[in-house]
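Have a look at the structure below, then the notes.
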Amino acid sequence: MTIREETEELEIRTLHPRACLSCRSKGRAKGEKEGEIRTCFQRDRDRIIHSKAFRRLKHKTQVFLAPKGDHYRTRLTHVLEVAQIARTIARALRLNEDLTEAVALGHDLGHTPFGHAGEAILRDIHPGGFDHYKQSLRVVDILERAGQGLNLTYEVRNGIVKHSKGRGFIMPEREADKAKTLEGQVVRVSDLIAYVNHDLDDALRADVIREADIPKKVTRVLGSTHARRIDSMVKDFIYTSRSLDLGELNMSSEVSDAAYMLRDFLYERVYESQVIKAEFRKAKKILTDLYEYYLIHPEEVLGDVPSTKKTNRNRMACDFIAGMTDSFALMTYERIFLPQQWTVY
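First residue of the sequence shown: 213, per the numbering used here; consecutive thereafter.
Here it is, written out as structure tokens:
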């Protein structure tokens with residue numbers, strides 16, 4: 213028996229009956245021989261971590277565009293926080309931690325430069341629209357490995373494309389909108405727990421809001437510190453889901469109401485604040501100008517964006533810009549559109 217098979221046997225003996233077992237994965241679009249050491253979900257996790265798109269997350273905005281401070285979150289620190297929260301929940305519920313971690317680490321690979329501002333801009337200017345969760349799936353299916361993709365398992369791919377909620381329900385009412393695995397559903401909730409808390413923390417650090425501005429109900433129900441709020445939401449989600457024997461994953465009504473209130477507060481006072489909107493307008497000009505430029509000059513799209521005879525210019529420009537980091541977008545804009553200093557030797 214290989215080490216992988218021993219791990220698969222351990223999953224069968226120890227995980228919850230509703231957990232997704234590695235040995236029962238629906239598999240990959242392109243069949244592969246199983247490894248001796250790692251399960252299929254462990255291999256997916258490692259492929260994501262070693263991908264170019266994952267490395268670029270360290271220079272992509274979470275909320276504050278191109279932040280200079282050392283302690284502001286980036287898209288990379290966000291997915292790491294999501295993965296930590298999700299693994300804690302998965303372990304407590306006896307779900308598959310490897311599948312949970314893979315989905316968490318891969319869920320934002322398709323995010324644009326300049327955070328959700330960049331996503332909104334591409335959604336407006338690209339004829340096919342744009343959603344970061346769909347782009348994340350496109351990254352792992354097509355764009356990585358020079359067009360070969362990462363060939364991830366069905367369960368990881370499904371969890372990635374079903375993680376996003378915007379201002380919708382923490383857990384959607386329609387089954388079709390939920391991830392097919394409980395592990396994927398855990399990541400969806402963990403994403404919310406992570407971002408409402410770390411975005412609040414960053415907004416306080418940036419002096420966009422003050423502690424006194426936080427709704428009193430949020431403080432009363434969830435706690436008055438960053439760590440306490442996360443702890444309250446994680447514990448409530450675990451105990452509420454366990455009480456239902458995992459027939460449904462969710463928070464209690466009291467905690468979910470407070471979470472919605474915190475999210476609405478962030479939209480009103482942070483995401484849609486005049487401070488953020490002022491930077492949004494700058495980002496819009498940068499990405500719009502770059503998009504139009506690459507429509508005219510598709511030959512300048514770098515090799516990281518694979519193309520075929522069927523790939524149109526809009527798709528190539530969208531893929532290229534969506535993959536940019538904040539710093540690369542700024543540097544490229546300066547190179548193309550701003551006068552360069554004349555050097556005389």
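Positions of the beta carbon are idealized from the N, C-alpha and C atoms, including for glycine. As the structure is a computational prediction, the values presented were derived from the model and not from experiment.
Item                                                                                                        : Value
Y539 - containing alpha helix (DSSP H), residue span                                                        : Just to set this straight, residue 539 is Ser in the shown sequence, not Tyr. Looking at the DSSP string, the run of the alpha helix (DSSP H) that includes S539 is D538 to F549.
Alpha-carbon to alpha-carbon, I488 and S348                                                                 : 24 Å
Neighbour-count burial assignment, K374, 16 or more Cβ in a 10 Å radius                                     : buried
Start-end ranges of the beta strand (DSSP E) lying completely within the region 446-483, minimum 3 residues : none
Whole-angstrom distance between T437 and I372, CA atom to CA atom                                           : 30 Å
Same chain, Cβ closer than 6 Å to L364, neighbours up to 5 away in sequence not counted                     : D256 and V352
R525 (DSSP reduced to helix, strand or coil)                                                                : helix
Alpha-carbon spacing of L499 relative to L461, whole angstroms                                              : 39 Å
Inter-residue spacing [alpha-carbon to alpha-carbon] between S455 and A439                                  : 24 Å
Contact under 8 Å by Cβ, R400 with K377                                                                     : yes
Euclidean distance between Cα positions of I249 and L222                                                    : 14 Å
Residues near A534 by beta carbon distance below 6 Å, same chain, minus five either side                    : T324 and Q347
Assigned exposure category for I297 - 16 Cβ within 10 Å defines buried                                      : buried
Helix, strand or coil at R379 according to DSSP, with G and I counted as helix                              : coil
Local Cβ density within 10 Å of I508, reported as buried at 16 or more and exposed below that               : exposed
Cβ-based burial, D538 [other Cβ within 10 Å; buried from 16]                                                : buried
Classification of M543 by the beta-carbon crowding that lies within 10 angstroms, buried from 16 upward     : exposed
Beta bridge counterpart(s) of T365 as assigned by DSSP                                                      : R240
Among L292, Y506, I333 and G318, the one whose alpha carbon lies nearest that of K497                       : I333
Residues sharing a beta bridge with G286, DSSP                                                              : At residue 286 the sequence reads Thr, which differs from the Gly that was named. According to DSSP, which records beta bridges pairwise, T286 is partnered with T273.
F477 to I405 span [Cα, whole Å]                                                                             : 14 Å
Buried/exposed call for N409, threshold 16 Cβ in 10 Å                                                       : buried
Endpoints, the alpha helix (DSSP H) within which L499 is located                                            : Q486 to I508
Given 8 Å, three or more beta-carbon pairs between the region 407-423 and the region 311-325                : no
Segment contact, 8 Å Cβ cut-off, at least three pairs: the region 300-312 with the region 479-486           : no
Residues near Y345 in its chain [Cβ-Cβ closer than 8 Å; skip 5 each side]                                   : H319, G322, I372, V373, K374, H375 and S376
CB of I548 within 8 Å of CB of Y505, strictly                                                               : yes
Cutoff 8 Å; reference M473; Cβ partners in own chain excluding five residues on either side                 : P427, K429 and V430
Span of the alpha helix (DSSP H) around Y407                                                                : L394 to R417
C-beta contact flag for V291 and E395 at 8 Å                                                                : no
N-terminal and C-terminal residue of the alpha helix (DSSP H) that D389 is part of                          : No alpha helix (DSSP H) contains D389, which DSSP labels as neither H nor E.
C-alpha gap between E512 and R527, whole angstroms                                                          : 14 Å
Assigned exposure category for G330 - 16 Cβ within 10 Å defines buried                                      : buried
Residue burial classification, M445 (beta-carbon count within 10 angstroms, cutoff 16)                      : buried
Per-residue DSSP class, three states only, for S348                                                         : helix
Rounded straight-line distance, which links the Cα of T393 to that of G361                                  : 22 Å
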